[in-house]
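A short write-up of the structure that comes next.
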Ligand code: CMC
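Residue numbers (this note's numbering): 68 to 447.
What follows is the structure, given as structure tokens:
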């Protein structure tokens with residue numbers, strides 16, 4: 068029996084997918100045929116979600132219809148707010164949001180149907196509800212009342228509005244839109260794989276999404292953006308960056324968060340876009356501290372990795388940290404914001420998975436002992 072082992076499923080193709088393509092050698096990411104850099108520059112998040120879900124960009128009428136389909140779904144059951152009020156708030160907000168996402172299933176009239184119309188209905192609901200549950204958690208843990216969503220605002224605008232209670236500027240909405248577009252989809256990353264593997268048992272969408280949120284939370288995946296900002300906060304200033312990086316790299320297995328990628332061996336194209344967004348925000352605000360520290364970290368990592376002959380470049384989580392900081396988000400909200408964006412990609416993959424399902428059931432090569440004789444407990 069062939070027992071070729073690809074630890075971490077490195078290089079393993081589990082299926083075909085028409086949703087996105089990554090060229091890790093060129094640093095290219097394509098959603099449904101469109102280069103991510105162009106989409107980040109020119110498309111709204113709603114257009115990108117429509118693209119991911121339908122395979123083509125919407126015309127003006129289709130886009131208006133799509134926005135109108137999303138709008139009624141922002142409201143969430145009041146029980147979610149009660150849950151938040153009763154939860155301890157000392158841990159990562161991902162615990163609260165993962166729990167709330169699971170809870171939404173219990174309030175759905177048809178949570179279990181995995182026929183495509185029902186999965187699409189749930190996808191639309193989750194796209195809007197997810198924003199509401201994320202923003203509401205932040206307000207409730209700060210002792211504030213949740214803000215009723217404004218269905219007339221875009222997804223990006225509405226998210227900022229429900230978080231702050233103020234209609235955001237066009238500039239802030241656009242930055243948020245770009246961040247959502249860049250984080251929407253990324254092939255068979257760990258959380259999307261988990262979503263697809265969970266759905267492959269033909270369990271429901273809520274279970275698959277809840278599992279995906281749990282996977283995203285890890286510091287090797289979406290949790291890295293929070294870890295980047297926590298590191299920058301700990302370092303404190305540009306002068307502290309170099310000793311910090313050298314200290315991390317000196318430890319066996321030491322990882323500088325926000326660097327490296329399983330697929331990209333050159334700069335992650337999303338990091339390139341976010342780097343420019345971060346630079347622009349720093350210039351406009353007159354406070355370049357976080358951007359300057361990020362640049363310094365990139366410089367030191369480049370030098371140190373070159374010495375070891377390794378290609379370890381900034382990934383999407385690296386510059387998103389300073390961008391989110393300059394938008395005013397607390398660092399532990401960065402990963403929940405990643406989830407707000409990635410819900411669209413997860414759903415696109417669930418449409419594909421349910422439409423042509425095969426149970427995912429890989430093997431493990433047994434490395435334990437064999438042939439032991441059972442000894443009753445009283446004789447052990
Ligand atoms: N800091 C220092 N060295 C690194 C880093 C890093 N962040 N990333 C990779 N390396 C080195 C690593 O030490 C290894 O060296 P060696 O071959 O001598 O052991 C080499 O590069 C290859 O690393 P690997 O861990 O075998 O590669 P991988 O494909 O398993 O790891 C990764 C990918 C993302 C887990 C890893 O780069 C990492 O831990 N990065 C930090 C966490 C992070 O930023 N995660 C976000 C990923 S992108 C956004 C997302 O998907 O959510």
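We treat Cβ as the ideally placed atom computed from N, Cα and C, and that holds for glycine.
heavy atom of ligand 1 below 7 Å from residue i C-beta
i	result
residue 149	no
residue 91	no
residue 318	no
residue 322	yes
residue 347	no
residue 377	yes
residue 366	no
residue 431	no
residue 286	yes
residue 340	no
residue 328	yes
Residue range of the unbroken beta strand (DSSP E) whose run includes residue i
i	result
residue 150	Careful: residue 150 lies outside any beta strand (DSSP E), inside the alpha helix (DSSP H) at 145-153.
residue 44	For the chain, the structure presents residues 68 to 447; residue 44 sits outside this window and is missing.
Local conformation of residue i per DSSP, three classes
i	result
residue 87	strand
residue 399	helix
residue 69	coil
residue 75	helix
residue 262	helix
residue 432	coil
residue 284	coil
Distance between residue j and residue i (C-alpha atoms, nearest Å)
i	j	result
residue 305	residue 358	10 Å
residue 180	residue 186	7 Å
residue 121	residue 419	11 Å
residue 410	residue 85	17 Å
residue 426	residue 263	9 Å
residue 395	residue 401	11 Å
residue 191	residue 136	7 Å
residue 238	residue 183	37 Å
residue 407	residue 201	7 Å
residue 273	residue 299	35 Å
residue 214	residue 203	7 Å
residue 163	residue 154	8 Å
residue 150	residue 169	12 Å
Where the alpha helix (DSSP H) through residue i begins and ends
i	result
residue 270	Careful: residue 270 lies outside any alpha helix (DSSP H) and carries neither H nor E.
residue 253	Segment: none, residue 253 is in no alpha helix (DSSP H) and carries neither H nor E.
residue 224	222-231
residue 165	160-173
residue 202	183-208
residue 426	It is not in any alpha helix (DSSP H) - residue 426 carries neither H nor E in the DSSP assignment.
residue 234	Counting along the chain, residue 234 falls outside any alpha helix (DSSP H), and DSSP gives it neither H nor E.
residue 317	308-317
For residue i, the residue or residues it bridges with in DSSP
i	result
residue 381	326
residue 102	97
Test: residue i CB closer than 8 Å to a CB of chain B
i	result
residue 141	This model lacks chain B altogether; it includes just one protein chain.
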